[in-house]
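In full-length UniProt numbering, the protein residues as written are 1 to 694. We put the CB at the ideal spot given by N, CA and C, even for glycine. Predicted model only: the values in this text are computed from it and were never measured. The next block holds one structure in the form of structure tokens; read it before the comments.
Here it is as structure tokens:
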């Protein structure tokens with residue numbers, strides 16, 4: 001048994017008749033509804049700040065509870081604290097984890113379900129935030145597959161904070177008594193240091209490593225510490241004049257609403273979260289002691305009830321959004337209504353049948369009322385094992401007969417491709433695909449990514465360099481990530497008499513066009529790479545240069561242009577011709593291969609109950625606009641331009657597979673398997689263009 005206490009006394013504060021703050025429950029309601037609406041339909045655009053509200057509220061409530069315990073008993077029992085946390089968090093959180101994992105295998109299967117299983121294990125142990133940070137998850141990404149457990153990152157931050165906070169508080173109180181200092185002053189000083197240090201670290205990491213900063217406990221500790229600081233300073237706020245309380249509270253409400261409506265992901269979490277957290281602190285301060293201000297938006301019965309259900313609502317909302325999004329269109333008001341309805345039903349049932357009954361039950365306690373750590377350990381290990389087994393056990397079954405390259409035959413003629421495309425468009429059931437649609441995002445990656453091709457180190461001659469003994473020709477491949485996925489096709493088409501050297505960078509067009517970037521770091525890297533890659537191409541003196549850039553780059557122009565009014569496509573064509581002319585000075589044989597027509601999100605359309613028609617995409621007008629202009633520009637420079645629409649689409653319709661092979665691994669990249677199958681067609685096209693040296 002572990003029970004650490006301290007005898008340090010905390011200055012007694014006037015004890016309220018009850019500790020249930022209706023305004024705080026209302027804050028919880030506002031926070032969870034803002035988060036749900038933001039995740040479901042992208043509005044309010046700052047609704048994700050509801051999580052920051054939760055952090056401040058949690059820090060306030062937990063610290064106030066610990067202080068009251070010390071005032072009442074002259075000690076802080078770690079055992080009782082962690083027993084309450086286990087009973088408060090584990091039952092509902094574990095239920096949602098288990099249900100989500102099972103649903104993932106039923107709906108998605110394959111690699112995506114396996115990854116969600118790993119997310120579940122990490123979330124169970126409250127380290128999900130570090131898993132998402134390590135995986136490089138972009139919270140703001142518009143493309144890709146959101147984990148239905150991604151929201152568990154915030155539980156990880158909270159529980160990591162509370163793993164050490166009671167000990168710090170008890171130690172601070174003990175030191176204060178030993179030195180004859182005022183306990184709340186010492187605790188407040190400690191919290192001020194935590195707030196300042198976390199803010200400083202958060203400000204630096206938000207600028208340098210924004211993806212990690214969003215999920216990091218270190219950049220979020222200040223938010224929980226801010227709420228704790230409000231609790232510690234309670235006696236000061238209780239002496240506030242009553243006439244000041246209502247204006248302060250309403251100012252906080254208006255500031256919080258403005259944060260939800262006006263702020264976006266810029267500068268998150270520091271300084272982006274400061275307005276919402278300070279507004280939350282102001283509302284809590286206004287209601288601390290004295291005559292409570294009338295805050296009907298927060299204290300009405302509906303808001304208080306939603307606040308009571310907020311934990312279960314938060315747990316269920318993202319799984320509902322992700323799974324419901326596989327069958328209906330997201331980011332619409334009707335979608336939000338459906339999400340709210342389903343989430344509320346699940347949350348209310350969880351609250352009354354699981355969360356509340358188990359929180360009040362006597363499980364994990366002995367007759368003395370103290371936590372049995374042996375029982376806790378056995379329970380935790382058993383539940384964790386259950387979650388892990390549920391998450392991982394189906395993996396071998398899902399992998400049987402689905403992950404090998406299979407017996408797909410190379411496509412040797414365009415007529416064969418067209419026939420296969422038409423058959424795929426008429427299929428009413430999914431064939432056995434290799435890889436499966438569930439696995440295509442990872443198993444469809446080009447193996448060349450592991451050879452340094454994603455971001456070629458131009459100073460390393462071995463990076464993305466594929467040689468054959470006795471080869472007499474050299475080909476250079478340039479461009480962004482759409483050129484990387486061409487490598488399986490190019491290498492196979494050229495054969496053993498060609499060495500192939502990649503000079504590409506993912507997310508960086510070789511076309512020297514003014515554009516916006518996701519970050520200053522990405523801009524600096526790309527702007528430095530383009531001229532350096534061109535210099536390296538000259539130094540290599542290749543026989544053939546192949547270039548591919550994502551055609552939707554016209555959307556990224558700076559200043560922006562309407563791609564379909566001719567402005568964007570004209571600028572793209574103009575710069576493409578300039579690039580072609582520069583490359584023609586390096587070698588006579590220069591080939592531009594246009595990227596495939598972009599399609600809607602690739603994997604989410606192929607879920608349980610879907611049919612192939614759900615994944616058919618139509619070629620957009622932008623593709624035709626850009627390719628026609630670029631083709632003419634490249635021809636004017638004397639280079640070769642190869643279209644690719646006919647490899648993916650027929651009569652403007654693009655199925656998700658050809659034969660037994662998925663064509664695309666996401667919305668813009670073809671699979672390595674399909675790339676390899678197209679090698680004979682590419683060779684024919686290159687021979688027709690007369691660009692293969694003898």
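**Request:** List the DSSP bridge partners of residue 642.
**Result:** Residue pairing for residue 642: DSSP places it in a beta bridge opposite 593.
**Item:** residue 707 versus residue 271: straight-line alpha-carbon distance, rounded
**Value:** Outside the displayed span of the chain (1 to 694) sits residue 707, for which this structure offers no information.
**Asked** How close, in whole Å, do the beta carbons of residue 499 and residue 471 come, if the pair is a contact with beta carbons under 8 Å?
**Response** The beta-carbon separation of residue 499 and residue 471, rounded to 5 Å, stays under the 8 Å limit for a contact.
**Neighbour-count burial assignment, residue 244, 16 or more Cβ in a 10 Å radius** = Label assigned to residue 244: exposed.
**Asked** Helix or strand or just coil, what does DSSP make of residue 499?
**Response** Residue 499: strand per DSSP, three-state reduction.
**Prompt:** Near residue 343, what residues of its chain come up, given a Cβ to Cβ distance below 8 Å and the 5 sequence neighbours on each side ignored?
**Reply:** The beta carbon of residue 343 sits closer than 8 Å to those of 36, 313, 316, 317, 320, all from its chain and outside the five residues before and after it, given in chain order.
**Item:** Cβ shell of residue 217 (< 6 Å), same chain only, five flanking positions each side left out
**Value:** Counting only Cβ-Cβ distances below 6 Å, and skipping sequence neighbours, we find 157, 160.
**Prompt:** The alpha helix (DSSP H) spanning residue 544 covers which residue range?
**Reply:** Here residue 544 belongs to no alpha helix (DSSP H); instead the beta strand (DSSP E) covers 544–548.
**Request:** Could you give the DSSP three-state label for residue 241: helix, strand or coil?
**Result:** If DSSP states are grouped into helix, strand and coil, residue 241 belongs with coil.
**Request:** Sort 23, 276, 47, 657 by Cα distance to residue 289 and report the nearest one.
**Result:** Comparing alpha-carbon positions, the option among 23, 276, 47, 657 lying closest to residue 289 turns out to be 23.
**Asked** Which first and last residues belong to the beta strand (DSSP E) in which residue 473 is found?
**Response** Note, residue 473: beta strand (DSSP E), 473–479.
**Request:** In angstroms with no decimal places, state the Cα-to-Cα distance between residue 241 and residue 293.
**Result:** Rounded to whole angstroms, residue 241 to residue 293 spans 11 Å at the Cα level.
**Prompt:** Are the Cβ atoms of residue 59 and residue 223 separated by less than 8 Å?
**Reply:** Yes, the pair counts as a contact, with Cβ atoms nearer than the cut-off.
**Item:** Inter-residue spacing [alpha-carbon to alpha-carbon] between residue 434 and residue 361
**Value:** Near 50 Å, if we compare the C-alpha coordinates of residue 361 and residue 434.
**Message:** Tell me the DSSP secondary structure of residue 611 in three-state form.
**Reply:** Coil.
**residue 669 - containing alpha helix (DSSP H), residue span** = Per DSSP, residue 669 belongs to no alpha helix (DSSP H) and is neither H nor E.
**Message:** So, with DSSP's three-state summary, where would you put residue 650?
**Reply:** If DSSP states are grouped into helix, strand and coil, residue 650 belongs with the strands.
**Item:** Helix, strand or coil at residue 505 according to DSSP, with G and I counted as helix
**Value:** Note: residue 505 maps to strand in three-state DSSP.
**Prompt:** In whole angstroms, what separates the C-alpha of residue 309 from that of residue 340?
**Reply:** Take the alpha-carbon of residue 309 and the one of residue 340: they are about 13 Å apart.
**Asked** Using the C-alpha atoms, what's the distance from residue 167 back to residue 235?
**Response** Taking the straight line from one Cα to the other gives about 22 Å.
**Request:** Run the proximity test for residue 87: is its beta-carbon closer than 7 Å to any non-hydrogen atom belonging to the ligand FAD?
**Result:** With respect to small molecules bound, the structure shown includes none, and the ligand FAD cannot be examined in it.
**Message:** Quick check: what's the CA-CA separation for residue 326 versus residue 607?
**Reply:** A direct Cα-to-Cα measurement between residue 326 and residue 607 gives close to 7 Å.
**Message:** What would DSSP say about residue 350, mapped onto helix, strand or coil?
**Reply:** For residue 350, the secondary structure class from DSSP, reduced to helix, strand or coil, is helix.
**Asked** Is it buried or exposed for residue 46, if we count other Cβ within 10 angstroms and need 16 for buried?
**Response** Around the beta carbon of residue 46, a 10 Å sphere encloses 16 or more other beta carbons of the protein chains shown; the residue is thus reported as buried.
**Request:** With DSSP as the reference, please indicate the residues paired to residue 465 in a beta bridge.
**Result:** Paired residue(s): 501.
**Beta-carbon proximity of residue 146 to residue 328, cut-off 8 Å** = Against a cut-off of 8 Å, the Cβ pair of residue 328 and residue 146 comes out as no contact.
**Asked** What is the rounded straight-line gap between the Cα of residue 696 and the Cα of residue 82?
**Response** The shown model of the chain, from 1 to 694, leaves out residue 696, and the question about it has no answer.
**Item:** Buried versus exposed, by CB contacts within 10 Å (16 or more), residue 530
**Value:** With 16 or more Cβ atoms within 10 Å of its Cβ, residue 530 is classed as buried.
**Prompt:** In three-state terms, what does DSSP make of residue 576?
**Reply:** In this structure, residue 576 counts as helix in the three-state DSSP scheme.
**Request:** State the CB to CB distance for the pair residue 421 and residue 658, rounded to an integer number of angstroms; the pair is presumed to be in contact (CB under 8 Å).
**Result:** Yes, residue 421 and residue 658 are in contact; Cβ-Cβ is about 6 Å, under 8 Å.
**Asked** Among residues of its own chain, excluding the 5 on either side of residue 392, which ones have a beta-carbon nearer than 6 Å to its beta-carbon?
**Response** Low confidence applies to residue 392: its pLDDT is 46, below 50, so where it sits in the model is not reliable enough to give any reading.
**Prompt:** Whose C-beta lies closer than 6 Å to the C-beta of residue 615 among residues of the same chain, with five residues either side of it excluded?
**Reply:** Excluding residues within five positions, the ones whose Cβ falls inside 6 Å are 605, 606, 656.
**Asked** Is it true that the CB of residue 586 sits closer than 8 Å to the CB of residue 545?
**Response** One thing to note: residue 545 has its Cβ within 8 Å of the Cβ of residue 586.
**residue 456, DSSP secondary structure in three states** = Under the three-state reduction of DSSP, residue 456 is assigned to coil, being neither helix nor strand.
**Request:** Give the DSSP bridge partners of residue 657, in chain order.
**Result:** DSSP, once it has assigned bridges, lists 662 as partnering residue 657.
**Item:** Three-way DSSP call (helix, strand, coil) for residue 618 in this model
**Value:** In this structure, DSSP gives residue 618 an extended state, which the three-state scheme calls strand.
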